[in-house]
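Enquirer:
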Amino acid sequence: MSELSLSGAPVKPLKPKVSRDDWAMRGFMVMIGLYLLVTLALPLYAMLSKSLENRDGDFVGLANYVEYFSTPALFNSIGNSITISLVTTLITVTLAFWFAYGLTRSCMPFKRTFRMLAMVPILVPSLLPGIGLIYMFGNQGYMKELLLGQSIYGPLGIVIAEVFFTFPHALLIIMTALSIADGRLYEAASALRASRSKVFRTVTLPGARYGLISAAFVVFTLVITDFGAPKVIGGQYNVLAVDIYKQVIGQQNFSMGAVVSVILLIPAIMAFAVDRRVQKKQVALLSARAVPYAPKRNRVLDVGMTLYCGAIILIILLILGTCQYAALVKFWPYNLELGLQHYNFDIVDGGGWEAYGNSIRMALWTAFVGTAVIFVGAYMVEKGRGFDEGRGLFQFFAMMPMAVPGMVLGLAYIFFFNNPDNPFNFLYGTMAILVICTITHFYTVAHLTAMTALKQMDKEFEAVSQSLKQPFYKTFFRVTVPVCSPAILEIAVYLFVNAMTTVSAVVFIYGTSTQLASVSVLNMDDAGDIAPAAAMGMMIFYTNAVARLVHLGASWLLEKRTQAWRVK
Amino acid sequence: MLDLMEKSDVTGVQQSAQNQTGVPYLTIRDLTKRFGEFVALDSIDLEIFEGEFVCFLGPSGCGKTTLLRAIAGLDIQNEGSIDQAGRDVSVLPPAERDFGIVFQSYALFPNLTIHKNIAYGLENKGTGRRDIDDKVAGLLELVGLSAQAQKYPAQLSGGQQQRVALARAIATRPGLLLLDEPLSALDAKVRGHLRHEIKELQRKLGVTTIMVTHDQEEALTMADRIVVMNHGVIEQVGTPFDIYRNPASPFVADFIGTMNFVPGTLQDSHRVDMQGVALACDPEKIYSDGQEVLVAFRPEDLVVCERDERENCFAATILGMEFLGSFYRADLEIVTGQGRFVVRADFSINLIRREALGVGQEIHVALRTGVISVYPAPQAGEQG
Chain W
1 MSELSLSGAP VKPLKPKVSR DDWAMRGFMV MIGLYLLVTL ALPLYAMLSK
51 SLENRDGDFV GLANYVEYFS TPALFNSIGN SITISLVTTL ITVTLAFWFA
101 YGLTRSCMPF KRTFRMLAMV PILVPSLLPG IGLIYMFGNQ GYMKELLLGQ
151 SIYGPLGIVI AEVFFTFPHA LLIIMTALSI ADGRLYEAAS ALRASRSKVF
201 RTVTLPGARY GLISAAFVVF TLVITDFGAP KVIGGQYNVL AVDIYKQVIG
251 QQNFSMGAVV SVILLIPAIM AFAVDRRVQK KQVALLSARA VPYAPKRNRV
301 LDVGMTLYCG AIILIILLIL GTCQYAALVK FWPYNLELGL QHYNFDIVDG
351 GGWEAYGNSI RMALWTAFVG TAVIFVGAYM VEKGRGFDEG RGLFQFFAMM
401 PMAVPGMVLG LAYIFFFNNP DNPFNFLYGT MAILVICTIT HFYTVAHLTA
451 MTALKQMDKE FEAVSQSLKQ PFYKTFFRVT VPVCSPAILE IAVYLFVNAM
501 TTVSAVVFIY GTSTQLASVS VLNMDDAGDI APAAAMGMMI FYTNAVARLV
551 HLGASWLLEK RTQAWRVK
Chain A
569 MLDLMEKSDV TGVQQSAQNQ TGVPYLTIRD LTKRFGEFVA LDSIDLEIFE
619 GEFVCFLGPS GCGKTTLLRA IAGLDIQNEG SIDQAGRDVS VLPPAERDFG
669 IVFQSYALFP NLTIHKNIAY GLENKGTGRR DIDDKVAGLL ELVGLSAQAQ
719 KYPAQLSGGQ QQRVALARAI ATRPGLLLLD EPLSALDAKV RGHLRHEIKE
769 LQRKLGVTTI MVTHDQEEAL TMADRIVVMN HGVIEQVGTP FDIYRNPASP
819 FVADFIGTMN FVPGTLQDSH RVDMQGVALA CDPEKIYSDG QEVLVAFRPE
869 DLVVCERDER ENCFAATILG MEFLGSFYRA DLEIVTGQGR FVVRADFSIN
919 LIRREALGVG QEIHVALRTG VISVYPAPQA GEQG
C-alpha cells in the first residue's frame, strides 16, 4: 500500500515505552513476588534438600526414603491418612449436600440461623472437636455407652472430629453450586411431568456436580493435611501430619520429618490441581443467563429438612457446648460444680494468658499486613500493563500456598529460617515470622477473593485514569479500594480467624516469648490438662465470634454509607 | 431530483477538500497489530485532519476498536508508527499521549459524584479548587447536567451517564477525543438524540474526534469522513456521501445500506450485460471487455417507468412486498432469455398508491447510469 512497506526493509517490532507508573506497579508486584519466593518457594526447597540429607547434614540421596518405606510403622500412615480422608470426604459431602439442599431448595424456617450456626466450626481450631468428643465418648464420657464398647480414640474419633471441622467448607461450596440453579430447567421438567426423583437425578445433581467434586477435593485436602484432630483423639492410629510432628518434636529426626512432608505434599498437590480445573468449569457454568430457582412450599420436604438441619446444628452445638461445660466444671466427672479455675492458664504449661494475648496480636498483624500485601499484589497483577511473563509467574506463586499443608510449611520454615547462614535468620523466634508464615499459609484464598472483586470492576478505569494523566495510586486509593471494600473486609476477617485457629504451621516456629493460644491448646492437651485446653479453645471461639460480629457490623455500616452509589 | 444530487455531490467534495488541506493532525503509517497468529490490523495507513470527526465503521472483529486502542496507546501495535500533532507517539504509554476517551461502558467511577468524576482529570495539575469547581460547573452546563452534580453515576440514566463520561473526557481539553461505541449501550430513542448532541458539542469545541461504531446510520449522520474496515484492513475512506454513493468494494456496498448484486458480463467500457438485461453504465475503473463482473445498485434507485421511457429500462414482476413503515420493499423477478433473477426495490407509499402496484403485477423499472456500480466478480472460493 505505502512506499514504506514496498521498500522491503525489515520491520523492527516496536518496544512500547514503559511509563513511570508501569515501573512502579511492576516494582510492587516483583516485591510481593519476592516475598512469596522467600517465604514459600525457598523454604520448600530447603525442606526438599533436607529430605536427602542425614542427621549430620550430609547428602545421602534417597536413603531416607528407603528407610521410610522399609519401616511399616511409618509407611502404614499413608494408608491410614488416605482411608480417613476418603471416609470423611464421603460423609461430609453427603451431609453437607442435604444441608445445602434444605437451605436452597426447601421453604424450611430458620434458614439464616441454620446457615450461621453451621459456619461455627470454622471459628475453632481443629483440636477442639477432638476435646469435645473425649468428654462425650472418652473413658469418662457421658455418652460413652452409645459407642457399644468401641473406642473413640482412633479412626472413629478422627473421622467424627474431621467431619465437624470440614462441614462448613463443604457446605459453602455446595450451597454456591446449588444456588445458581436455573429455574427454567425445573419449569421445563415439571411441564414434561417428570417425577420428583427424576428431576433430582436429571436436573439437580448434574447442576451441582462441579460443586460436589470441588467440595470433595477441598475436604479431602483439609483432612489429609489436618494435624489437630488426629493429634488429640487419634490414639495409636498414625497419620502423616502427626508423623511429621512426632518425628520432629518427639524424635528430633528432621530428615525423616522432611521425608514425610514430601510424601504428604503429593496427595495435597494432586487434589489441588484437580480442584483448580473443576473450579474453572464451574465458572463457565455460572456465566449462563439463568432465572433463579424459587422453591415452592412442600410440607413433607420442609418439615423433613427442618428436622435434618436442626439435628446437624444440634450436634455441632452439643460438641461445642460440651467443651464449654467441661471448661467450667471443677473436676470432670466427679465434681460437676461450676467455676472459672480452669481459666487460670498461668498455672499450667502452654503459655498462659500471654499466649492468648500473643494470638490476638498475631491475628491482628496478620489481618492488617496480610490484607494490604495480598490486595496490593492482586491489584498489581490484575491491573498492570505488559510484563505478562512476570504476571503469570506471580499468579503461580500466589496459588501455591493452597497446595502446601501447614505442617509442611512450618517444618520448611525451620530448615530455611533457622539456618544461621540465612540472612533472614534474625526473624527466627519472633512474632514477625509467625505473621509471615500465617500470611503465606492462607495467601491463596485471600488472593482469589481479591482477584474476584478486582475482576468485577470495569477494566477501563485504569485506561480512563491514564488518559486523564492521573497516577495509578490515585485510582487505587480513590476508586479501587472504596469499591472493593467489602472484599477487603472479608479478606481481613478471614486472615484474622485463621490466624487465631491455626496450629499446624506455627507449631514448629513459635518461640518462648511468642507462644500462641491455639498451640497452647495442643500443649495443655498433651500434658493432660484437658479442661484448660477446652477453656482456651473456647476463648479462641469467642474471640473469632466477636471478630465475625464486628465484620458483620462493619459490613452493615459500609453498605449503609455506600448504598447511594452501589444501587444497580 | 437529479440536480439536487449533483449539488450535494459537489458540497461533499468541497467539504473534504477544505478539511484535508495542510498537515494532517494524526498520521498512521503501516500499522500492524497481531494477537498471536491472528492479524487484527494489517498495515493500516490513515491521515486524520485537525477538527475532523472521523468514524471507524465495520462489523465486529474488523479491527476498528483495536485501531482506536493503538491510537490511545492502550494496546500498542507490533509495527508501524503514529504521529500526533507532529510528535511521534508510536510507543508512548497512554499517560504521555494527548487524548480523552469515552468507553462503551463509560467507566464512570461509581463511588464518586458526577462533580468529582468530571473534576478527576483536573486535579493535581496546580489548578486551585475554585478554578476546578468553575470548570466543572461549566462542563456540567455544557452537557446539561448542572442539577445532577452531587448524584452518583448509578443514579443517572444511561444517556446522562454517557454525557458525564463525555464531559470528563473533554475536561482536560485534549487535542483528540476517542469514542469507543459510545452510544451502543443506549436504547434507540436516546441514541438518536445523543447522536445529534455529540456532533453539536464536537463542532462547538472543534476537537478532532474519532468514533468507533458498527452502526452505519450513526456513522453516516455524524462523521465528516468514514473509515470502513473489514478483516483488519481499510476498505474505503471517504465522506458519508461518497461511501454511500460510490462504494469502493462489494463489501462496503453491502455493509452500508442495502445493495442488489447481480452477476453480469462487461461488453465494453460503457455497457454491461446483466443476465440478459443490457445496461449502460459508467464504471470508474476500466476492466477488460468480456470480464465477469458484479453489477450493483441500491433498491431505492430502481424507478418505475413506462416501457422504454428512460434508458436502462427493463420489465419485472412484483413477487412480494414487505411493509417497512415509510416505504415498501418489493422483490422483483426479472426473466430474460438467459434465465431469471430477483432484485429488491424500494417504492414509496405514495408511488404504490398512485400506480396501484400490487403483487403479481408486471411493471417496468429503470436505472440511471450514475447509480450503477460494477465490481470484478469474486473468484471461486473468495467471500463476496
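Top to bottom, those sequences are chains W and A. Mapped onto the working numbering, the consecutive letters of the first sequence carry residue numbers 1 to 568. Mapped onto the working numbering, the consecutive letters of the second sequence carry residue numbers 569 to 952. Glycine is no exception: its CB is placed at the ideal position from the N, C-alpha and C atoms.
(1) Assuming W:I188 contacts W:V93 under a Cβ cut-off of 8 Å, what Cβ separation, rounded to an integer in Å, is found between them?
(2) Hey, quick one: how far does the alpha helix (DSSP H) through A:T633 stretch, first residue to last?
(3) W:H447 lies in the alpha helix (DSSP H); which residues open and close that run?
(4) Kindly list, in the order they appear in chain W, the residues whose Cβ is closer than 7 Å to that of A:L642.
(5) Taking just the CA atoms, how far does W:A535 sit from W:S518?
(6) Distance cutoff 9 Å, beta carbons only. Does W:D388 sit that close to anything in chain A?
(7) With a floor of 3 residues, list each beta strand (DSSP E) that falls wholly inside the stretch 751-775 of chain A, ordered by position along the chain.
(8) To test your reading of the DSSP string, which unbroken alpha helix (DSSP H) runs of 4 or more residues are found completely within the stretch 791-845 of chain A?
(9) What would DSSP say about A:I940, mapped onto helix, strand or coil?
(10) Across the stretch 407-414 of chain W and the stretch 234-245 of chain W, are there enough close Cβ pairs to call them in contact, namely three or more that are closer than 8 Å?
(11) Name the chain W residues that come within less than 8 Å of A:G668, Cβ to Cβ?
(12) So which of W:R385, W:A73 and W:F164 has the shortest CA-CA distance to W:I91?
(13) Please check the pair W:M538 and W:Q324, which I expect to be a contact at CB under 8 Å, by giving their CB distance rounded to whole angstroms.
(14) Looking at the structure shown, is W:Y308 part of a helix, part of a strand, or coil, going by DSSP?
(15) Identify every residue that forms a DSSP beta bridge with A:C881.
(16) Under DSSP, the beta strand (DSSP E) around A:F624 begins and ends at which residues?
(17) W:K17 versus chain A: which residues are under 7 Å apart at the beta carbon?
(18) Between the Cα of A:C849 and the Cα atoms of A:I616, A:Y943, A:I650 and A:R908, which residue gives the shortest distance?
(19) CB W:S465 to CB W:T475, shorter than 9 Å?
(20) When you compare the CB of A:R813 with every CB in chain W, is at least one pair closer than 9 Å?
(21) Tell me whether A:F891 sits in a helix, a strand or coil according to DSSP, three-state version.
(22) Beta carbons nearer than 9 Å to chain W: which residues of the stretch 676-706 of chain A have them?
(23) Under 7 Å Cβ-Cβ, which residues of chain W neighbour A:Y720?
(24) I need the straight-line Cα distance from W:Y65 to W:F415, nearest angstrom please.
(25) Write down the C-beta distance between W:A446 and W:L411 rounded to the nearest angstrom, noting that I regard them as a contact closer than 8 Å.
(26) Closest to A:G858 by CA distance: which of A:E874, A:L847 and A:V840 is it?
(27) Going along chain A in order, which residues have a C-beta closer than 8 Å to the C-beta of W:P482?
(28) Verify the CB distance criterion: does A:F671 have a CB-CB separation below 9 Å to chain W?
(29) If we ignore side chains and look at the alpha-carbon of each, how far apart do W:K469 and A:G689 end up?
(30) Identify which residue in W:N425, W:E460 and W:F397 has its Cα closest to the Cα of W:M31.
(31) Tell me which same chain residues have a C-beta within less than 8 Å of the C-beta of A:Q929, skipping the five on either side of it?
(32) Just to confirm, is the Cβ distance from W:F167 to W:L95 under 9 Å?
(33) Less than 7 Å between C-beta atoms, sequence neighbours within five positions excluded: which residues of the same chain meet that for W:Q279?
(34) Based on the DSSP secondary-structure assignment, which residues constitute the bridge partners of A:E601?
(35) Going by the DSSP bridge assignment, what does A:M779 pair with across the sheet?
(36) Note down, in chain order, each residue of its chain lying with its Cβ closer than 7 Å to the Cβ of W:D529, except the 5 sequence neighbours on either side.
Expert: Short version:
(1) For this step, residue 188 of chain W is matched to residue 188 along the first sequence. For this step, residue 93 of chain W is matched to residue 93 along the first sequence. It is Ala, not Ile, that sits at residue 188 of chain W in the sequence shown. The C-beta distance from W:A188 to W:V93 rounds to 28 Å, too long to meet the 8 Å contact threshold.
(2) Here residue 633 of chain A refers to the residue found at position 65 when the second sequence is read from its first residue. First-last of the alpha helix (DSSP H) with A:T633: K632 to A640.
(3) Locating residue 447 of chain W in the first sequence gives position 447, where the first residue counts as 1. Taken as a continuous stretch (DSSP letters only), the alpha helix (DSSP H) holding W:H447 covers Y443 to K455.
(4) Here residue 642 of chain A refers to the residue found at position 74 of the second sequence. Within chain W, the residues near A:L642 are A463.
(5) Within the first sequence, numbered from 1, the residue matching residue 518 of chain W stands at position 518. Within the first sequence, numbered from 1, the residue matching residue 535 of chain W stands at position 535. So the two alpha carbons sit approximately 11 Å from each other.
(6) Numbered from its first residue, the first sequence carries residue 388 of chain W at position 388. It does not: the Cβ of W:D388 has no partner Cβ on chain A nearer than 9 Å.
(7) Whole beta strand (DSSP E) segments, 3+ residues: zero.
(8) The stretch 791-845 of chain A contains, as complete alpha helix (DSSP H) runs of 4+ residues, the segments 808-813 and 818-823 (chain order).
(9) Indexing the second sequence from 1 puts residue 940 of chain A at position 372. In this structure, A:I940 counts as coil in the three-state DSSP scheme.
(10) Using a Cβ-Cβ distance cut-off of 8 Å, the stretch 407-414 of chain W and the stretch 234-245 of chain W are in contact, since at least three pairs of beta carbons, one from each stretch, lie closer than that value.
(11) For the purposes of this step, residue 668 of chain A is taken as residue 100 along the second sequence, with counting starting at 1. Within chain W, the residues near A:G668 are S467 and L468.
(12) The residue labelled residue 91 of chain W in the question sits at position 91 within the first sequence. Of W:R385, W:A73 and W:F164, the residue nearest in Cα terms is W:F164.
(13) Translated into the one-based positions of the first sequence, residue 538 of chain W becomes position 538. Translated into the one-based positions of the first sequence, residue 324 of chain W becomes position 324. Contact check for W:M538 and W:Q324: beta-carbon distance about 5 Å, within the 8 Å limit, so the pair qualifies.
(14) Within the first sequence, the letter at position 308 stands for residue 308 of chain W. Helix.
(15) Within the second sequence, numbered from 1, the residue matching residue 881 of chain A stands at position 313. A:A934, per the DSSP bridge assignment.
(16) For the purposes of this step, residue 624 of chain A is identified with residue 56 of the second sequence, where counting begins at 1. Following the DSSP letters along the chain, one finds A:F624 inside the beta strand (DSSP E) bounded by residues F621 to L625.
(17) By one-based count along the first sequence, residue 17 of chain W stands at place 17. Counting only Cβ-Cβ distances below 7 Å, W:K17 has contacts in chain A at V659, L660 and P661, in chain order.
(18) Here residue 849 of chain A refers to the residue found at position 281 when the second sequence is read from its first residue. Closest in C-alpha terms to A:C849, from the list A:I616, A:Y943, A:I650 and A:R908, comes A:Y943.
(19) Here residue 465 of chain W is taken as the residue at index 465 of the first sequence, counted from 1. Here residue 475 of chain W is taken as the residue at index 475 of the first sequence, counted from 1. Inclusion of W:S465 and W:T475 in the CB contact set at 9 Å is warranted, their separation being smaller than that value.
(20) As a position in the second sequence, residue 813 of chain A is number 245, starting the count at 1. Contact with chain W is absent for A:R813, since none of that chain's Cβ atoms lies less than 9 Å from the residue's Cβ.
(21) The residue given as residue 891 of chain A occupies position 323 in the second sequence. A:F891 falls in the strand class under three-state DSSP.
(22) If the cut-off is 9 Å between Cβ atoms, the stretch 676-706 of chain A has L676, F677, P678, N679, L680, T681, K684, Y688, G689, L690, E691, N692 and K693 near chain W.
(23) As a first step, residue 720 of chain A is located in the second sequence; it is residue number 152 there, counting from the start. Ordered by position in chain W, the residues that pass the 7 Å Cβ test against A:Y720 are A564 and W565.
(24) Looking up residue 65 of chain W in the first sequence gives position 65. Looking up residue 415 of chain W in the first sequence gives position 415. So the two alpha carbons sit approximately 18 Å from each other.
(25) As a working note, residue 446 of chain W is residue 446 in the first sequence. As a working note, residue 411 of chain W is residue 411 in the first sequence. Contact doesn't hold; Cβ gap of about 23 Å is too wide.
(26) On the second sequence, residue 858 of chain A is found 290 positions in, with the first residue counted as 1. It is A:V840 whose Cα lies nearest to the Cα of A:G858.
(27) For the purposes of this step, residue 482 of chain W is identified with residue 482 of the first sequence, where counting begins at 1. Those are N679, listed as they occur along chain A.
(28) Sequence index remark: in the second sequence, residue 671 of chain A carries index 103 (1-based). At least one CB atom of chain W sits nearer than 9 Å to the CB of A:F671.
(29) The residue you call residue 469 of chain W lines up with position 469 of the first sequence. The residue you call residue 689 of chain A lines up with position 121 of the second sequence. One C-alpha to the other measures close to 7 Å.
(30) Here residue 31 of chain W refers to the residue found at position 31 of the first sequence. Checked all of W:N425, W:E460 and W:F397; the closest Cα to W:M31 is W:F397.
(31) If you number the second sequence from 1, residue 929 of chain A lands on position 361. Around A:Q929: T885 and I886.
(32) Reading the first sequence from its first residue, position 167 is the one you call residue 167 of chain W. Reading the first sequence from its first residue, position 95 is the one you call residue 95 of chain W. Yes, these two residues count as a Cβ contact at 9 Å.
(33) Counted from its first residue, the first sequence places residue 279 of chain W at position 279. Sequence-distant Cβ neighbours of W:Q279 in its own chain, meaning closer than 7 Å and more than five residues away, are S214.
(34) Counted from its first residue, the second sequence places residue 601 of chain A at position 33. Going by the sequence as given, residue 601 of chain A is Lys instead of Glu. Residue pairing for A:K601: DSSP places it in a beta bridge opposite A:L609.
(35) By 1-based counting over the second sequence, the position of residue 779 of chain A is 211. Note: A:M779 sits in a beta bridge opposite A:C623 and A:L747.
(36) Taking the first residue of the first sequence as 1, we reach residue 529 of chain W at position 529. If we look at W:D529 and ignore the five residues flanking it on each side, its Cβ neighbours are V348.
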